[in-house]
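Protein sequence lines, in the order shown, are assigned to chains A and B. Be aware that the first sequence starts at 1, since it is given in our numbering, and climbs by one per residue. Be aware that the second sequence starts at 295, since it is given in our numbering, and climbs by one per residue. Here is the structure we will look at.
Protein chains: 2
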Amino acid sequence: MMPASPPRGGQTFVLRPAAWLRAVVRVEMLAVGKELLIGRTLNTNAHWAGKRLARMGSMLREVTTVDDDLVEIASAFRTIVRRAPDFLVVVGGLGPTPDDMTLKGVADALGVELKRNEAALEMIKEHYAKRGLGKVELTPSRLKMATLPAGAEPLRNDWGTAPAVRIPMGKTVVFCLPGVPLEMRGTFRRSVEPEIRRKLGKMHRKYITFKLEGVLESVLAPAIGEELRKHPGAYIKSHPRGIREGVSRIELDIAVVGEDKRGAFAEADAVAKEMEKSVESLGGRVKARRAQGD
Amino acid sequence: MMPASPPRGGQTFVLRPAAWLRAVVRVEMLAVGKELLIGRTLNTNAHWAGKRLARMGSMLREVTTVDDDLVEIASAFRTIVRRAPDFLVVVGGLGPTPDDMTLKGVADALGVELKRNEAALEMIKEHYAKRGLGKVELTPSRLKMATLPAGAEPLRNDWGTAPAVRIPMGKTVVFCLPGVPLEMRGTFRRSVEPEIRRKLGKMHRKYITFKLEGVLESVLAPAIGEELRKHPGAYIKSHPRGIREGVSRIELDIAVVGEDKRGAFAEADAVAKEMEKSVESLGGRVKARRAQGD
Numbered sequence: 001m002m003p004a005s006p007p008r009g010g011q012t013f014v015l016r017p018a019a020w021l022r023a024v025v026r027v028e029m030l031a032v033g034k035e036l037l038i039g040r041t042l043n044t045n046a047h048w049a050g051k052r053l054a055r056m057g058s059m060l061r062e063v064t065t066v067d068d069d070l071v072e073i074a075s076a077f078r079t080i081v082r083r084a085p086d087f088l089v090v091v092g093g094l095g096p097t098p099d100d101m102t103l104k105g106v107a108d109a110l111g112v113e114l115k116r117n118e119a120a121l122e123m124i125k126e127h128y129a130k131r132g133l134g135k136v137e138l139t140p141s142r143l144k145m146a147t148l149p150a151g152a153e154p155l156r157n158d159w160g161t162a163p164a165v166r167i168p169m170g171k172t173v174v175f176c177l178p179g180v181p182l183e184m185r186g187t188f189r190r191s192v193e194p195e196i197r198r199k200l201g202k203m204h205r206k207y208i209t210f211k212l213e214g215v216l217e218s219v220l221a222p223a224i225g226e227e228l229r230k231h232p233g234a235y236i237k238s239h240p241r242g243i244r245e246g247v248s249r250i251e252l253d254i255a256v257v258g259e260d261k262r263g264a265f266a267e268a269d270a271v272a273k274e275m276e277k278s279v280e281s282l283g284g285r286v287k288a289r290r291a292q293g294d
Numbered sequence: 295m296m297p298a299s300p301p302r303g304g305q306t307f308v309l310r311p312a313a314w315l316r317a318v319v320r321v322e323m324l325a326v327g328k329e330l331l332i333g334r335t336l337n338t339n340a341h342w343a344g345k346r347l348a349r350m351g352s353m354l355r356e357v358t359t360v361d362d363d364l365v366e367i368a369s370a371f372r373t374i375v376r377r378a379p380d381f382l383v384v385v386g387g388l389g390p391t392p393d394d395m396t397l398k399g400v401a402d403a404l405g406v407e408l409k410r411n412e413a414a415l416e417m418i419k420e421h422y423a424k425r426g427l428g429k430v431e432l433t434p435s436r437l438k439m440a441t442l443p444a445g446a447e448p449l450r451n452d453w454g455t456a457p458a459v460r461i462p463m464g465k466t467v468v469f470c471l472p473g474v475p476l477e478m479r480g481t482f483r484r485s486v487e488p489e490i491r492r493k494l495g496k497m498h499r500k501y502i503t504f505k506l507e508g509v510l511e512s513v514l515a516p517a518i519g520e521e522l523r524k525h526p527g528a529y530i531k532s533h534p535r536g537i538r539e540g541v542s543r544i545e546l547d548i549a550v551v552g553e554d555k556r557g558a559f560a561e562a563d564a565v566a567k568e569m570e571k572s573v574e575s576l577g578g579r580v581k582a583r584r585a586q587g588d
């Protein structure tokens, strides 16, 4: 399966910074919830948001996941804000139960008070009214969802009770979204995406995935290194998928993102073509090819 | 569906620190890989490891996910090590390709050199020999997988090529594991778990999950708060699962972890019984109950 001596054996200690618009807009996520840390719940929110952002030509630059714990939330929040991302999306912990303590943690980190927000309260009342629950008593558990850090703005959540929250703080815009996936996705689409898109501008991305067979990752590595040197703006990454019956399987991702659609697409296509040739010259085969372009 | 006035309306701003052995052994994960940040790959490694640790009576205290980027890896590593966890499990980026730069990032953060490790090299040679690939040329891509931070110890990886790595540094033991799930799980089970278990001691956990219907989370919240005040060592968390045909659905998790098996189990059972009574008195129903005890 493997040629005795791979034709390219060049230096591969390139260790270059990752491409993909790394400097343009920095978006981070802080995911809050013990269920994510004890294997109860897969963090599909980070996965979903990362994919949405990648389609826009952006990405999540870092995801931090912490426990339902005031000290941990406040400390992680402070650490992230020190990096001054353009956007910080905090997910989870906005609900009515004692474990929902995200807004208190954020207020502690910001050094501001939590206070009743009348607009948020209206949203919550409206939510119950719409559900046909009639006149609902505003118990402390419900008032809690309308109790926001000073300076925060509530954002409509048409998919659940707790409003999302927007907090501008210097260079960084902070969004706090509910953790229930339906609510997270709805509020992200409605309030987070448009603002990131405005800052990012229109970006184009071409993303090509190959399924390869018959070439080991260690044999392919120098060809990837060489291609990255020729195309420093491209993203090229191999994902080994195991060796079955002596045949190595790899998925190879190629992507180029840019403001210039034609340029980005042409470069991605060129890289794909060159990688395909390399794979074949190394004794491998391309079994499938999938492309996505926006 | 909802009583006009919930019988318990007490103060719920408890915001207590999370229970579950928070202080005993702190384990953190640093997951490296752009595929996790662009929605290409779900972080099943964090989910799996969190579940394994939870079964032992521990948990992941924090998960940090970063890009394949030297600066980001080194910076996240430094931030985590400042928190002095007992164990830091770094996952991903050990392979032969240019994007695999975890060990360089760790070496940078530690201020040590990367150097050829002869034991690691033997493991890699053995791996190729076992796969029947015969005499394999030690190209730079392959030597890279045997190039470790000074002071590191390679750990057998029987499921892939790149050895895992153990680096003791003061209070913290650092493990670097390959990111391919099969390899991550194998090396975690073989090398990480036994060492954490030795430090943690034998812990027992009872975990009970209820499926509830007919009670809103905001109605249940005060009862959870009250129960947590009575059982400060217990973990009680509700996961809203939406409202279908006017009926609210919730999953309620209850867990107690402790060295004393009988005590932990009895407390979890008592909490479950009391919560069940609360749910019924609030007009809800327990539709299903699942229990796990180790």
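Yeah, the Cβ is synthetic: ideal placement off N, Cα and C, and Gly gets one too.
For B/Ala585 and B/Gly552, the gap between their C-alpha atoms comes out near 16 Å. Taken atom to atom, the span from the alpha-carbon of A/Thr139 to that of B/Lys524 is near 21 Å. The region 29-116 of chain A is shown to contain whole beta strand (DSSP E) runs of 3 or more residues at 60-66, 87-91, 114-116, in chain order.
Here DSSP, grouped into helix, strand and coil, assigns B/Lys505 to strand. For B/Met353, the closest Cβ of chain A is nearer than 8 Å. Shown here for A/Lys171: same chain residues with a beta carbon closer than 6 Å to its own, the five before and five after excluded, namely Ala84 in chain order.
Each residue's CA atom was taken as its position, placing B/Leu364 and A/Ile236 some 16 Å apart. Collapsing the DSSP output to three states places B/Asp563 in a helix. If you draw a straight line from the Cα of B/Arg543 to the Cα of A/Arg189, it comes to about 25 Å. The residues Ala150, in chain order, have a CB closer than 6 Å to that of A/Lys115 in the same chain once the five nearest residues on each side in sequence are set aside.
Looking from the CA of B/Asp380, the closest CA among B/Ile490, B/Val326, B/Leu510 belongs to B/Ile490. Here A/Glu251 is not near A/Lys277, since their CB atoms are 8 Å or more apart. Annotated as distal: B/Met463 and B/Pro472, with beta-carbon spacing of 8 Å or more. Between the region 357-372 of chain B and the region 496-515 of chain B, the count of Cβ pairs shorter than 8 Å is below three; the stretches do not touch.
At least 8 Å separates the CB of B/Ala560 from every CB of chain A. Interface with chain A (8 Å Cβ-Cβ cutoff): B/Ser572 is excluded. Proximity of chain B to A/Ala54 at the Cβ level (cut-off 7 Å) is accounted for by Ile332, Gly333, in chain order. Contact of B/Val357 with chain A by beta-carbon distance below 9 Å involves Ala31, Leu36, Leu37, Asn43, Val63, Thr64, Thr65, Val66. Neighbours of A/Asp86 in chain B, taken as residues whose beta carbon is under 8 Å from its own, are absent, since the nearest beta carbon is some 15 Å off. Counting the other Cβ atoms within 10 Å of the Cβ of A/Arg40 gives 16 or more, which makes it buried. By DSSP's assignment, A/Ser278 forms no beta bridge with any residue. Here DSSP, grouped into helix, strand and coil, assigns A/His127 to helix. In the structure shown, B/Leu437 falls within a helical segment according to DSSP collapsed to helix, strand and coil. For the region 81-112 of chain A, the residues whose beta carbon sits under 8 Å from a beta carbon of chain B are, in order, Gly95, Pro96, Thr97, Pro98, Asp99, Met101, Lys104. Interface residue (Cβ-Cβ distance to chain A less than 8 Å): B/His533 is classified as such. When the five nearest sequence neighbours on each side are left out, the beta carbons in the same chain lying within less than 6 Å of the beta carbon of A/His239 are those of Glu251, in order along the chain. Annotated as distal: A/Leu148 and A/Val173, with beta-carbon spacing of 8 Å or more.
Membership of B/Leu546 in the beta strand (DSSP E) is indicated by the continuous run 541-552. Counting along the chain, the unbroken alpha helix (DSSP H) around A/Arg185 starts and ends at 181-187. When secondary structure is reduced to three states using DSSP, B/Gly445 falls in the coil class, being assigned neither helix nor strand. B/Val383 sits away from A/Thr65, with the two beta carbons spaced by 8 Å or more. Around the beta-carbon of A/Leu53, 16 or more other beta-carbon atoms lie within 10 Å, marking it buried. Within its own chain, the residues whose Cβ lies closer than 8 Å to the Cβ of A/Arg61, once the five positions on either side in sequence are excluded, are Arg22, Arg26, Val27, Glu28, Pro85, listed in chain order. DSSP, reduced to helix, strand and coil, places A/Lys287 within a strand of the structure shown. Sorting A/Val24, A/Leu30, A/His47 by C-alpha distance to the C-alpha of B/Gly327 places A/His47 at the top. Chain-order list of chain A residues neighbouring B/Ile502: empty, with the shortest C-beta distance near 13 Å, by a criterion of under 8 Å.
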